[in-house]
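Colleague: Per this note's numbering, the very first residue in the sequence shown carries number 38; after that it's consecutive.
Here it is: the structure, laid out below.
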Amino acid sequence: MKPMFGTIPLLLAVALAGCNAPPAQAPEKVQPLDTSEQKTPVADTSQPVASGNTPTAADIAAVAGLNAQFDPARDPAADLETAKVEAQRGGKRIMLDVGGEWCSWCHLLDAFMEGDSEIRRFRDANYVWMKVNYSEDNENTAFLSRFPEIKAYPHLLVLDAEGELLHSQFTGELEKGKGYDRTRFFAFLKEWAPPAK
38 MKPMFGTIPL LLAVALAGCN APPAQAPEKV QPLDTSEQKT PVADTSQPVA
88 SGNTPTAADI AAVAGLNAQF DPARDPAADL ETAKVEAQRG GKRIMLDVGG
138 EWCSWCHLLD AFMEGDSEIR RFRDANYVWM KVNYSEDNEN TAFLSRFPEI
188 KAYPHLLVLD AEGELLHSQF TGELEKGKGY DRTRFFAFLK EWAPPAK
């Protein structure tokens, strides 16, 4: 007997099981959840952010582009240079969010962060959040090879302002039911935030 809804059981199984790896050959592309009415445009980050104390409009756009979406065309090494300048300027840490547009739990994490203004403000005050694509189109193997092995997505890597790894976080430990546990997630962000000035 054929499934009544085609790929829906497959998508539901992926959502419930988490995101262990991108599908080898998905029959059709999984559409990302629309978590906002307005998408942040991906900025051209071919030039690092200026090193002055006051960010320019181009600096702001470049930093916003780091967290816009998982984009296989982006260069994570160049993005990290931009993130390092911003982290040093703002006294922040860098959070690498490794995943892909194919990953339902990655979209749940985006929705969780955008839906909680207190967590979002804390994140923005203490971290430069940078998405790193991992997909069939681009696994970013060279960039990710400097970090511990990642077995499930999304995966979070906390770096200092110089780009050195401080912590590797399996996000399954931050989940609760079909979403993220607010208390555990906020505790994680607070634990790895830069020391108070």
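C-beta: ideal position from N, C-alpha, C; glycine also.
So, does the segment 180 to 191 touch the segment 138 to 157, judging by three or more C-beta pairs under 8 Å?
Modeller: yes
Colleague: Excluding the five sequence neighbours on either side, which residues of its own chain have a C-beta within less than 6 Å of the C-beta of residue 165, listed in chain order?
Modeller: Same-chain partners within the cutoff: 120, 123, 124, 129 and 131.
Colleague: How about residue 180 and residue 114: do their beta carbons lie closer than 7 Å?
Modeller: yes
Colleague: By DSSP's criteria, residue 132 is part of a beta bridge. Which residues make up the other side?
Modeller: 166 and 195
Colleague: Mind checking which residues open and close the alpha helix (DSSP H) that includes residue 223?
Modeller: 219 to 229
Colleague: When DSSP labels each residue in this structure, what does residue 207 get in the three-state scheme?
Modeller: strand
Colleague: What three-state label does DSSP hand residue 188 in the structure shown?
Modeller: Residue 188: coil per DSSP, three-state reduction.
Colleague: Do you know how far the Cα of residue 222 is from the Cα of residue 213?
Modeller: 10 Å
Colleague: Counting C-beta neighbours from all protein chains within 10 Å, is the total for residue 182 16 or more, i.e. buried, or is it exposed?
Modeller: exposed
Colleague: I'd like to confirm the pairing. Which residues does DSSP put opposite residue 212 in its beta bridges?
Modeller: 217
Colleague: Return the bridge partner residues of residue 202 from the DSSP annotation.
Modeller: 196
Colleague: Given this structure, state the Cα-to-Cα distance separating residue 117 from residue 215, to the nearest angstrom.
Modeller: 31 Å
Colleague: From residue 68 to residue 171, what distance separates their C-alpha atoms?
Modeller: With a pLDDT of only 41 at residue 68, under 50, the local geometry of the prediction cannot be trusted, and no value is derived from it.
Colleague: Any idea what DSSP makes of residue 182, helix, strand or coil?
Modeller: In the structure shown, residue 182 sits in coil (DSSP, three-state: anything other than H, G, I, E or B).
Colleague: Round the Cβ separation of residue 196 and residue 133 to the nearest angstrom and send it over; I've been treating them as touching at under 8 Å.
Modeller: 7 Å
Colleague: Measuring CA to CA, which of 111, 106 and 144 is closest to residue 177?
Modeller: Ranking 111, 106 and 144 by Cα distance to residue 177 puts 111 first.
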